[in-house]
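Have a look at the structure below, then the notes.
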Amino acid sequence: MKRVYLDHIAATPLDPRALEAMLPFLRERFGNPQSIHSFGRPAQEAVEEARAQVARLINASAEEIFFVSSGSEANNFALKGLALARRDKGRHLVLSAVEHQSVLHAAKSLERQGFKTTLVGVDREGLVDPERLAAAVTPETALVSVQLANNEVGTVEPVAEVARLCRPLSVPVHTDAVAAAGSIPVDVRALDVDALSLAGDQFYGPKGSAALYVRKGARLLPLIDGGIQEGGRRAGTENVAGIVGLGRAAALAAEELESRSVRAAALRDRLIDELPRRVEQVTLTGHRSRRLPHHASFCVAFVEGEAMLLNLDLKGFAVSSGSACTSRALKASHVLLAMGLDHALAQGSLVFSLIEGTAAGDIESLLDVFPPIVERLRALSPLYTQYLEEKGK
Amino acid sequence: MNYTDKVMDHFQNPRNVGVLKDADGVGKVGNPVCGDMMTFYIKVKDERLADIKFQTFGCGAAIAVSSIVSEMARGKPLGEAMEITNERVAEELGGLPKNKLHCSNLGADALHKAIEDYRARRGEAADAKKKGSGPAGCCCPYCEGPMEGAEGLCRSCHIELEECPVCHKSTKAGEDACSHCGAKMPPA
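Just so you know, the sequences run in chain order A and B. Residue numbers for the first sequence follow our numbering, beginning at 1 and rising by one. Residue numbers for the second sequence follow our numbering, beginning at 394 and rising by one.
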């Protein structure tokens, strides 16, 4: 059975060219970049080259890039590092309600240190209203954080507009671009944000390698204290191979992003147009056009996400679901609930996220395989029986 | 842990799926908030479960649990069917992942509710020994799963609960207002 991977949002495969770049640093070039001898120097140079590559992907300067271990660490670093540095000015955070857990839970952690959080809601398509967000800013606000794209529903948020409205209020703006960077053009100068998180495993780099951009001159407190790595902002011996892989993946993304996204968007649109035609009561989640090029997400009424996911897996298709049952917390997705979907519909969420190797034929087989799966599960569903009765069949 | 082969078998080929239009008893548990809903229909003959059908909205474990419960109960005397416990359901499936154990609670509960419904229709008192009917007859306000008195967390749907200071009923933790009386909840 052919296996088809449609779970970009969980992790992308490692680009063989990034792997090639990494290998010497897992073998003979094992030196510590902080060592000034002949083993350390090549490692140091490789880390600095990667920093420049990541900076180029988002139009930043190399000294504005800090390497970290994951998108979650980057988000924690931004929230805690920036907000705590400004806590004397105020202890208030403004976030969108659909932020990733690593932003929301970092804010919860800050709340235990006396911070207050205002969560700003989104519309039915997952879009935050920049005016409403700016209106939530008070003189006490230490940080605004709005994601660039949502991993569950694919919506691309108007971050530049948020930053434009926040600029006169002199409050720093962070954007979680983990789902976006490497997939859509990201320019920190055009966005005019003060901090931005990105992660290599979302654009064919290795896991365990991510970065936080922080605008030059912004005050940032370290999360990890120790040595002088990353300008003293993030101690710990560098993950050299991971950083090199991230840098190479960033360089490749910068070059190939446009062709990748044109290809992916065509397949995505086929799925978005066709799936609701093949199965009744299937709705797109997130914005139709302001969305990630590789991302198609739906809610399927009357059935639960994990049951669909398992059935698709048995047919060789690997996808994601934001349903309660796929997460250990057993709670429906906060993103879908914030968008105003009811619990039952939110339980039937599925995310198909395409990768570089996804072929048109893969999407066509998915479109063939999916309807009988839903039909079988609906035959089991008391909600579907109820729906048919109400429809008067 | 992952799902066992037996769970996957019952998930892919669930037994006794459907609706009994002329059921002698119907048991419903769960709601979409906790992600699982089950309805059991029973036909009773000579105090035995002559027929049993179910419908389930839920994850792989919930579907497998409903299927195995229907198989375990079919043809059994009512008293014996009432003895089917969550532990036995999970055991029969070769185990369930820890965070899916609540699904086995729902399966046995739905069956027991259907039997109680049958008895109530015949004017018999509900079985006082029904598992989960705690001292306060407490059940989760969200999934209606059994709760032993005032617990902070529903074992069935894993929703965190707190007591409303005004009406003293359990309501979902972290909400601004009590879901029963609308009173403002104190901050956590």
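For each residue, glycine too, the CB sits at the ideal point set by N, CA and C.
Fill in: Residue closest to A/Ile224, alpha-carbon to alpha-carbon, out of A/Gly316, A/Arg291, A/Asn76, A/Ala50
A/Asn76
### Message
Just to confirm the assignment: which complete alpha helix (DSSP H) runs, minimum length 4, are found wholly within the stretch 113 to 170 of chain A?
### Response
130 to 135, 159 to 166
Taking only beta-carbon atoms, is B/Ile456 less than 9 Å away from chain A? yes
Excluding the 5 residues flanking A/Arg291 on each side, which residues of the same chain have their C-beta closer than 7 Å to its C-beta?
Gly154, Thr155, Val156
| query | So, helix, strand or coil for B/Asp418, using DSSP? | reply | Per the sequence presented here, residue 418 of chain B reads as Gly, with Asp not at that position. Of the three classes helix, strand and coil, the one that applies to B/Gly418 here is strand, per DSSP.
Discussion item. As a quick exercise: from A/Ala251, A/Gly231, A/Arg234, pick the residue whose alpha carbon is nearest that of A/Tyr204.
Written reply: A/Ala251
message: Under 9 Å, CB to CB, which of the residues in the stretch 11 to 23 of chain A have a partner in chain B?
response: none
Using a Cβ-Cβ distance cut-off of 9 Å, determine whether A/His343 contacts chain B. yes
Notebook entry, point to check: Going by C-alpha distance, which of A/Leu336, A/Ala266, A/Arg288, A/Ala344 is nearest A/Glu364?
Noted result: A/Ala266
- Cα-Cα separation, A/Ala181 to A/Phe67: 15 Å
- Keeping to the same chain, check which residues put their C-beta closer than 6 Å to that of A/Ala11; ignore five residues upstream and five downstream. Asp201
For B/His505, the nearest candidate out of B/Pro470, B/Lys493, B/Pro490 (CA to CA)
B/Pro470
Check: Is there a Cβ from chain A that is less than 9 Å from the Cβ of B/Asp429?
Finding: yes
Please name the residue in B/Met394, B/Gln405, B/Asn395 whose C-alpha comes closest to that of A/Leu314.
B/Gln405
> What are the residues of the stretch 429 to 455 of chain B that lie near chain A, defined by any Cβ-Cβ distance shorter than 9 Å?
Replying inline: Asp429, Met430, Met431, Thr432, Phe447, Gln448, Thr449, Phe450, Gly451, Cys452, Gly453, Ala454, Ala455
Span separating the alpha-carbon of A/Arg288 from that of A/Glu389: 32 Å
Q. Is it the case that the Cβ atoms of A/Ser481 and A/Ile9 are separated by a distance below 9 Å?
A. For residue 481 of chain A there is no data in the structure shown, the boundaries of chain A being 1 and 393.
**Q.** Distance CB(A/Pro222)-CB(A/Val262) smaller than 9 Å
**A.** no
State the DSSP-derived secondary structure class of A/Ala60, mapped to helix, strand or coil. coil
Worksheet entry | Where A/Cys299 falls: helix, strand or coil (DSSP) | strand
#### Entry: Residues bridged to B/Gln448 [DSSP beta-bridge criterion]
B/Thr432
key: C-alpha gap between B/Arg467 and B/Lys565, whole angstroms   = 36 Å
Element boundaries [beta strand (DSSP E), containing A/Leu95]:
92 to 96
*asked:* Taking CB distances under 9 Å as the criterion, tell me whether B/Tyr396 reaches chain A.
replied: yes
Item to complete: Answer with yes or no whether the minimum CB distance from A/Glu306 to chain B is below 9 Å.
Response: yes
Note to self: By the three-class DSSP mapping on this structure, what secondary structure does A/Val178 have?
What the structure shows: coil
Exercise for review: Look at the alpha carbon of B/Val419 and the alpha carbon of B/Met430, and state the distance between them as a whole number of angstroms.
Suggested key: 13 Å
*Any residues in the stretch 399 to 415 of chain B with a beta carbon nearer than 9 Å to a beta carbon of chain E? Which ones, in chain order?*
Any reference to chain E falls outside this structure, whose protein chains are A and B.
Who are the neighbours of A/Ser259 on chain B, taking C-beta pairs under 7 Å? Residues of chain B passing the Cβ test: none, with the nearest at roughly 38 Å.
| task | List the endpoints of the continuous beta strand (DSSP E) containing A/Arg65. | result | With the sequence shown as reference, residue 65 of chain A is identified as Ile, and Arg is not the correct amino acid for it. Segment 65 to 68, the beta strand (DSSP E) holding A/Ile65.
Cutting at 6 Å between CB atoms, please list the residues of its own chain near B/Lys493, excluding the five before and the five after it. Ala454
*Considering B/Ala566, what are the terminal residues of the beta strand (DSSP E) in which it resides?*
That residue, B/Ala566, is in no beta strand (DSSP E); it is neither H nor E in DSSP.
**Prompt:** Given that B/Val426 touches chain A, what residues does it touch there, using C-beta distances under 7 Å?
**Reply:** His343
Worksheet item: Does any CB atom of chain A fall closer than 9 Å to the CB of B/Lys469?
Response: no
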